[in-house]
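For the sequence shown, the working numbering begins at 1 and goes up steadily by one.
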Amino acid sequence: MNSLRLAALSAALCCLFALPARADLNVVTTLPDLAALTKSVGGDHTTVTTLALPTQDPHFVDAKPNLALALNKADLLVVDGLDLEIGWLPTLQIGARNSKIQTGNPGYLDASRFVKVLEVPTAKVDRSQGDVHPGGNPHYLHDPRAALSVARGIEARLAQLDPKNASAYQANLDKFSAELEKARADWEKRLAALRGVPVISYHKTTAYLGDWLGFDTIAYLEPKPGIPPTPSHVAEVLTLGKQKKARLVVQEEYYPDSTSKLVASRIPAGLVILPSGADFRGGETYIQREERLVKKLEQGLAAPQGG
Ligand SMILES: [Zn+2]
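Encoded structure:
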């Protein structure tokens, strides 16, 4: 009888201790890549949720009530910034009824402030120029150097909001940083052939990638940012692409691919569909996502070329 009771007691105790500890910080990010970076630094001390999925165009996310609900319980909101989320995030912030994550408060972190921003317009921007981001190009997460700066910024904010776990956040960051820098050296070696290569991009999402890897984006399939390709513009891009011997046509997964396919086959150039963000819900890390991106570029370079 006694031994039975002991067994039951130890079974109960085992399950009690196996219950997951409540995370110390509840973090919500706008983009899946930001979620992956936050989880690498926050580890077990954080619960991390992303508002946008990798399949969604981050310029246009449906501001559904369940997203506002996620923000209601957040201790920290991490955003890409530079007006990328301007079309949908402000509504959600208001709907969240959570003062912590309002712009300017410690629970609001704009990751773009840690990045050397490219393509900052020098003249006044107006709507006739399309969906131009007036603070500069917000598509910096393709560049692992920018991602590391962002991870450092996230670590500092986690430590500020949750000082008792600061040493754990620092250790996680050190580990992530070492892994990312090792991977980056490998990626740069594998993509050395991209230096100086002419590339056509669908949207202005290649600015930071080109800055990192040294290729030249010679034209965009969108006539203006956010405006879908038109036949006359595509004809111009095609002429230029043939003339300059473009090697790659690049776009993210969330754009329709028919125009890119057509232009790539006519030049001919390699077609590269870049992963738009980490499959965070599937457990993918930033480094694994970037590895997928590098592989796509490698495959594009290996495709039959016109030149
Ligand atoms: Zn954009």
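Where is the CB? At the ideal position from N, CA and C, for every residue including glycine.
- When Cβ pairs closer than 8 Å are counted between the two stretches, the stretch 50-66 is seen not to touch the stretch 171-178, the count staying below three.
- If you check the CB distance, T38 and A52 do not come in under 8 Å.
- The continuous stretches of alpha helix (DSSP H) do not include Q56, and DSSP gives it neither H nor E.
- Measuring C-alpha to C-alpha distances from G277 to each of A151, V120, I287 identifies I287 as the nearest.
- Excluding five sequence positions before and after L118, the CB atoms of its chain that fall closer than 8 Å to its own CB belong to G136, N137, Y140, A207, Y208, D211, given in chain order.
- Using a Cβ distance threshold of 8 Å, A74 and N26 count as a contacting pair.
- In the three-state DSSP reduction, V41 falls in the helix class (H, G or I).
- Sorting E188, A246, E236 by C-alpha distance to the C-alpha of E291 places E188 at the top.
- Under the DSSP definition of a beta bridge, P198 partners with D216.
- One thing to note: F215 has its Cβ no nearer than 8 Å to the Cβ of V237.
- Short of 8 Å from the beta carbon of R145, and not among the five residues preceding or following it, lie these beta carbons of its own chain, in chain order: R184, W212.
- Straight across, the Cα-Cα distance linking L158 with I267 is about 48 Å.
- When the alpha-carbon of I154 is set against those of L271, L109, Q102, Y220, the nearest one is in L109.
- Counting only residues of its own chain and dropping the five nearest sequence neighbours on each side, Q243 has no CB closer than 6 Å to any other CB.
- Placement of the Cβ of P225 at a distance of less than 7 Å from at least one heavy atom of ligand 1 is found.
- A straight line joining the alpha-carbon of T103 with that of P90 spans about 9 Å.
- Under DSSP, I273 forms a beta bridge with Q251.
- Around the Cβ of G42, a 10 Å sphere holds 16 or more other Cβ atoms; the residue is buried.
- In the DSSP assignment, D110 is bridged to V79.
- Every alpha helix (DSSP H) stretch that sits fully inside the stretch 110-168 and reaches 4 residues is listed by chain position as 144-161.
- Here T49 carries a strand assignment [DSSP, helix/strand/coil].
- Checking the DSSP bridge columns, you'll see V28 partnered with T49, L77.
- Following the DSSP letters along the chain, one finds R266 inside the alpha helix (DSSP H) bounded by residues 258-266.
- By the CB criterion at 8 Å, E298 and R190 fall inside the cutoff.
- Of the heavy atoms belonging to ligand 1, at least one sits nearer than 7 Å to the Cβ of P138.
- The C-beta of R195 has fewer than 16 other C-beta atoms within 10 Å across all chains shown, which makes the residue exposed.
- In the DSSP annotation of this structure, the continuous segment of the alpha helix (DSSP H) that includes K296 starts and ends at 286-302.
- P90 sits in a helix when the DSSP states are folded into three classes.
- Secondary structure of T230 (DSSP, three-state): coil.
- For L191, there is no enclosing alpha helix (DSSP H), as DSSP gives it neither H nor E.
- Short note on K296: C-beta not closer than 7 Å to any heavy atom of ligand 1.
- By the beta-carbon neighbour count (other beta carbons within 10 angstroms, threshold 16), D126 is exposed.
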